[in-house]
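Protein chains in written order, with our numbering: chain F, 549 to 716; chain Z, 1282 to 1944; chain H, 55 to 345.
Where a beta carbon is used, it is the ideal one built from N, C-alpha and C, also for glycine.
Quick notes on the structure that follows.
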Amino acid sequence: MSLTDLMTMAKSNKELQKKILDQLWKVNPDECFQCMRCTSGCTSLKLLELKPHEITILVNSGFVEELVSSDIIWACASCLKCRERCPQKASPYDTIMALRNLTVEREAKVPEAYMKAVAQIIETGLTQQAQTVTSREMQPFNREKLGLPEMIYPNDKFKVVFMKVLGG
Amino acid sequence: MVQIGVYVCHCGLNIAGVIDVKSVAEYAAKLPNVKVVRDSTYLCSDTGQKMIKEDIEKHKLDRVVIASCSPRMHEETFRKAISEAGLNPYLLEMINIREQDSWCHSEEPEKATEKAEALIEMAVARASRLEPLEIDKIKAENSVLVVGGGIAGIQASLDLADAGFKVYLVEKASSIGGRMAQLDKTFPTLDCSACILTPKMVDVAKHPNIRLLTNTEVTEMKGFVGNYEVSVLKKPRYVDEDRCVGCELCTKVCPVKVPDKFNEGLSQTRAISTYSPQAVPKVAIINPNHCLRLKYDKDVCGKCVEICEPKAINFEQQPETSQLKVGAVVIAVGSEVFDASLTPELGYGHYKNVISNIEFERLSNAAGPTKGKILCPATEKPPKSVAFIQCVGSRDKRFCEYCCRIGCMVTLKQAILVKEKMGNDVDICVCYNDMRAFGKAYEEFYDRARHMGINFVKGLPSEVKASPGDSLHFDVYESNTNKLLEIQADLVVLASGLVPSPDFAELQNVLRVPRSPDGFFLEAHPKLRPLETPTRGIFLAGTCQSPKDIPDTVSQASGAAMKAAELLAKGEVEIEPLIAVVEESLCSGCRICESICPYQAIEMEAKTVEGEETNVAKVLAAVCQGCGACSAACPTHAIDMQHYKQEQILAQISAVVQGGKRR
Amino acid sequence: MKVAVYWGCKIPTAQYAYEMSVRQVFPHFDIELVDLKGASCCGGPVRSINTSAAMYLSARNLALSSQTGLDDLLVPCNECHFMLSEAKYRIDNDEEMCKKVEDLLGEEGFKYSSGVRIWHVVDLLHDVVKVDTVKAKVKKPFKGLKFAVHPGCQIIRPSEIGRVDHAEKPRKLDALVEALEAETLDYSEKLDCCGAALLYSHEDAALSLAGSKLKAVQAYGVDGFVDTCPYCHIMYDARQKEATATVGGKLSLSVFYYTQLLGLALGIEQEKLGLHLNQSFDSEKLSLNDP
């Protein structure tokens, strides 16, 4: 009977790591010294177990692969507390956004709601169509009924350029 | 015809790894007046120096060119070597083919070699025109000014005074003692700080060689090494130092309350008070911004006058300016504690029970506002739980990038003191990033703390929040157990770091000491000359140079004292002859040089030149720093710089523009 | 003063009360709002997809703003304000990004100009109109009422790029509420996030974050809760019931846009300020000066 090695012999991926680091501007995850300030104050720690310090050290060690196909990088609430308080300007928020970008680039798992928002922007320029809302007294209201001016959406030229940016 | 010896150093591979030193040597051999050319692995070594000396004797060389590292490294070494061989030390030309060539052009070895050849050609051109110069000796004062009366200034003063020098110890506050006087116990021995400090303070006051000037600041400094002229301003105490007996009855009757600076604002004192219970000198001082009589300029109150038996109160006292003549200066002005209200997320300045480490010292000190009892400032009750948070303002690119060096040890000490005073009645946790216990017996001290049941949490909190009853709580992620801890603390102590004082900016100009990027005063060399400054005769000691603890401060202070003593021991200092010289027959007396000189080193002198009565410029050799501004500005080319003559520099320019293969 | 206004996505398509109240109050301070024509999304959700695309979207709206010839742009949504401010900071300081964006804008015939001053409702009122002026115009003060303010995250952080208020001690919104003669509250949960960004991927967690803050605030016994962002308002107002369900207990906290309260204090009718659209407003518990 043989024993199984339960410790992950993780392999780092320098190429993917470079892709993440190249995307960052004025932010230096490699200067993180694991003080825990970011995780101690992270909005998504208690409910979603997001640990910004761990994301940072994983990227620094080149373990980008496991992050790219994970759920955890989508758990950031963008509250920016980590970006504000990090004493080393390592901003886990920016690293997480870069990881999300890489996930999209590699066509890996992305929450549907984001793709829907993007599709809507392509169609109308905004993330959603103008809605009819209900008041407290259950009456329907739209822009016209509320006396708000008509909306002017961007023209088709915008659609072309935006799709170009997404593609390129 | 001069006979030049050219020496090209390999500097191991530092130079030879990039530059083709053999080719450079061959090139040099073809240059005018070059008699001998050698290349060597390490010219600065014994062997290298021996070789140069032997060549000088054998080949009757009268000029030496050395192509190697920066003159800052070994110019002194080579000057000494050639003078041992009988050559005037100023007949040496050193050019830098390391820092200025091989090190910065390491990617382009061919071009680097070409550059080295050009540099050597320039050097040979100048060497041919170098002239012998003599070092001047100037009488030096047998006294030293020590600025700052904390433990650094106190130690330096005592060492210098014991060595026989006259010392002026100038202290801004109304008593000496500085930070150390505020501390309770010192790590790692837990000695009572005041007990080990006050004997030294008393020694200073009693020492026949030390003149103590408290409530005094340096306002101006003129002169040069060995002969500094310092103006100091003694601010009025409104109390006669010779009459006051330090009974402190005046403080008891004064009606005006003032925050007590010595107690970091945790208690109040009066408009007339003594700096601290163990002040030296033990003389009262009146705060003119709060004293009713001084503030409103009216004949009111006067309760202190009534009660003072020795009649020491004097509202008419004026500020006094004195001129001191000293040979050297030791700067020991200390530093400030980081203001934690700059990191408001930790609650300092908002919640009374969040305090800084220096405030804790006053709470713990038996002579402090709570007589040594650990009490929460908001409730005046003892805390059931205390949390220490490390690295406040330190290792933080938003504030101070450097490590404060003392935060960990101070917290360990304070945590141990709380445990010793309160035993199991209190829970203590220390939230840290790294625990730096680097010194002698420091690691053992850390062990002691762990033994006492103090909890060490590897992780820093993001923010501190209020709990009911003036208590506090915060979340902290403990990185070793991967658990989020919810810490409750009645008292939170922040390990605030040390920062340069805001008045360093002005002090820097008065004392002529530059500062490093972190704002502390700059040492001449971080490794090899940590006690000297770039200005000769001015030395540094203590935390004004960089944050450090008491043992390091005392070492540095004694070291700086020795440096000053070494400089002044012979009673004279050597002045390098690298100064401006006036050719009187060319001087038109226009005074442009006098007005342009940044050191006020030029005076006009009435003289008879070539039969005519005229005013000519005269250079004060000891003050001149050789900057060259006068020489450049002189419209008749009457001023030239010794060792940097126009002729020498123009020869260098011609050599590089017209010489060799380069176009 | 003429100020261009950029509404983003959520306000003009769903959070109508914010648009209504903003349009109602600013003319009282001699500020005329000029709508942008053909504005697009600021790029908020696109940041997670492609950073350059998000920067381009923000820059496009800044370019539209400079086309109006006005130097000042009001951005009432916290997220849009952050996206536009980030984009401006990056494009002004990163040559590479600047070139990328300028090329893209050129294809639509736009030109990027760094001269636009980006405002939010809070600092336009606090710093330009000034608190004393607001106070002077109050006709119907809220004497005796106490409100907890929610400064939000993205208009106070990250301080490095210049934000609307102090990152750790934001007080401008409090000062503006106090100008209406109401009391404000200093509370430890003040800087807690509403969780809206998590609606895209972790809806329950988002609602739980909002619910926890509402629960804490309610326990302090305040008369209302004040926000300045459509996302925060969606969490705390439109989805208050769902948020309550995630944390248990009974929650009933009236949540307002600051501009709604300001409008009421200026004497404007509730309906004009879209108060009927606030789901959480308990008009029986809290009577608010309806003329």
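Can you confirm whether residue i, when its beta carbon is compared against all beta carbons of chain H, has any partner nearer than 9 Å?
{"i": "residue 1617 (chain Z)", "result": "no"}
{"i": "residue 1624 (chain Z)", "result": "yes"}
{"i": "residue 643 (chain F)", "result": "no"}
{"i": "residue 1747 (chain Z)", "result": "yes"}
{"i": "residue 1744 (chain Z)", "result": "yes"}
{"i": "residue 671 (chain F)", "result": "no"}
{"i": "residue 607 (chain F)", "result": "no"}
{"i": "residue 656 (chain F)", "result": "no"}
Kindly examine the ligand COA and report whether one of its heavy atoms sits closer than 8 Å to the Cβ of residue i.
{"i": "residue 1712 (chain Z)", "result": "This structure lacks the ligand COA; in fact it carries no ligand of any kind."}
Determine whether the Cβ of residue i lies closer than 9 Å to any Cβ atom of chain Z.
{"i": "residue 719 (chain F)", "result": "Since the first residue of chain F shown is 549 and the last is 716, residue 719 (chain F) is not available in this structure."}
{"i": "residue 245 (chain H)", "result": "yes"}
{"i": "residue 242 (chain H)", "result": "yes"}
Can a CB atom of chain F be found closer than 9 Å to the CB of residue i?
{"i": "residue 136 (chain H)", "result": "yes"}
{"i": "residue 59 (chain H)", "result": "no"}
{"i": "residue 294 (chain H)", "result": "no"}
{"i": "residue 338 (chain H)", "result": "no"}
{"i": "residue 345 (chain H)", "result": "At residue 345 (chain H), the pLDDT of 43 sits below 50, so the modelled position is not reliable; the number obtained from the coordinates is stated separately. Cβ-Cβ to chain F under 9 Å: no for residue 345 (chain H)."}
{"i": "residue 1755 (chain Z)", "result": "yes"}
{"i": "residue 1714 (chain Z)", "result": "yes"}
{"i": "residue 221 (chain H)", "result": "yes"}
{"i": "residue 1811 (chain Z)", "result": "no"}
{"i": "residue 188 (chain H)", "result": "no"}
{"i": "residue 303 (chain H)", "result": "no"}
{"i": "residue 83 (chain H)", "result": "no"}
For residue i and residue j, I'd like the C-alpha separation in whole angstroms.
{"i": "residue 1721 (chain Z)", "j": "residue 1755 (chain Z)", "result": "34 Å"}
{"i": "residue 1723 (chain Z)", "j": "residue 1829 (chain Z)", "result": "14 Å"}
{"i": "residue 1901 (chain Z)", "j": "residue 1345 (chain Z)", "result": "30 Å"}
{"i": "residue 1501 (chain Z)", "j": "residue 1576 (chain Z)", "result": "28 Å"}
{"i": "residue 1871 (chain Z)", "j": "residue 1505 (chain Z)", "result": "26 Å"}
{"i": "residue 1844 (chain Z)", "j": "residue 1813 (chain Z)", "result": "8 Å"}
{"i": "residue 1408 (chain Z)", "j": "residue 1415 (chain Z)", "result": "17 Å"}
{"i": "residue 1850 (chain Z)", "j": "residue 1935 (chain Z)", "result": "46 Å"}
{"i": "residue 90 (chain H)", "j": "residue 1631 (chain Z)", "result": "43 Å"}
{"i": "residue 1547 (chain Z)", "j": "residue 184 (chain H)", "result": "37 Å"}
{"i": "residue 243 (chain H)", "j": "residue 605 (chain F)", "result": "29 Å"}
{"i": "residue 698 (chain F)", "j": "residue 643 (chain F)", "result": "40 Å"}
{"i": "residue 1925 (chain Z)", "j": "residue 1810 (chain Z)", "result": "27 Å"}
{"i": "residue 1444 (chain Z)", "j": "residue 1455 (chain Z)", "result": "27 Å"}
{"i": "residue 1889 (chain Z)", "j": "residue 1895 (chain Z)", "result": "6 Å"}
Considering only DSSP beta bridges, list what residue i is partnered with.
{"i": "residue 1719 (chain Z)", "result": "Looking at the DSSP assignment, residue 1719 (chain Z) forms no beta bridge with any residue, so it has no partner."}
{"i": "residue 73 (chain H)", "result": "Paired residues: none, contrary to the question."}
{"i": "residue 1286 (chain Z)", "result": "Z:1317, Z:1345"}
{"i": "residue 1378 (chain Z)", "result": "DSSP, once it has assigned bridges, lists no residue as partnering residue 1378 (chain Z)."}
{"i": "residue 1540 (chain Z)", "result": "Z:1549"}
{"i": "residue 1753 (chain Z)", "result": "Z:1747, Z:1770"}
{"i": "residue 209 (chain H)", "result": "Looking at the DSSP assignment, residue 209 (chain H) forms no beta bridge with any residue, so it has no partner."}
{"i": "residue 1417 (chain Z)", "result": "Z:1856"}
{"i": "residue 1806 (chain Z)", "result": "Z:1810"}
Since residue i contacts residue j with CB under 8 Å, what's their CB separation in whole angstroms?
{"i": "residue 1597 (chain Z)", "j": "residue 1515 (chain Z)", "result": "That pair is no contact at about 15 Å."}
{"i": "residue 1421 (chain Z)", "j": "residue 1853 (chain Z)", "result": "5 Å"}
{"i": "residue 592 (chain F)", "j": "residue 624 (chain F)", "result": "6 Å"}
{"i": "residue 1385 (chain Z)", "j": "residue 1349 (chain Z)", "result": "That belief does not hold up - the Cβ atoms of residue 1385 (chain Z) and residue 1349 (chain Z) are roughly 15 Å apart, past 8 Å."}
{"i": "residue 129 (chain H)", "j": "residue 174 (chain H)", "result": "6 Å"}
**Asked** Which runs of the beta strand (DSSP E), 3 residues or longer, sit entirely within the segment 1576-1664 of chain Z?
**Response** Within the segment 1576-1664 of chain Z, the runs of beta strand (DSSP E) that reach at least 3 residues and sit entirely inside it are, in chain order, 1601-1607, 1609-1612, 1635-1637.
**Asked** If you scan the segment 1846-1929 of chain Z from start to end, which runs of the alpha helix (DSSP H) of 4 or more residues do you find wholly inside it?
**Response** Taken in chain order, the complete alpha helix (DSSP H) segments of 4 or more residues contained in the segment 1846-1929 of chain Z are 1873-1877, 1910-1914.
**Request:** Pick out the complete beta strand (DSSP E) segments inside the segment 1447-1474 of chain Z, 3 residues or longer, and give them in chain order.
**Result:** Taken in chain order, the complete beta strand (DSSP E) segments of 3 or more residues contained in the segment 1447-1474 of chain Z are 1447-1451.
**Request:** Kindly provide the ranges of any alpha helix (DSSP H) runs that are 4 or more residues long and lie completely inside the segment 263-321 of chain H, ordered along the chain.
**Result:** Taking only runs of at least 4 residues, the alpha helix (DSSP H) segments lying wholly in the segment 263-321 of chain H are 284-287, 294-301, 312-319.
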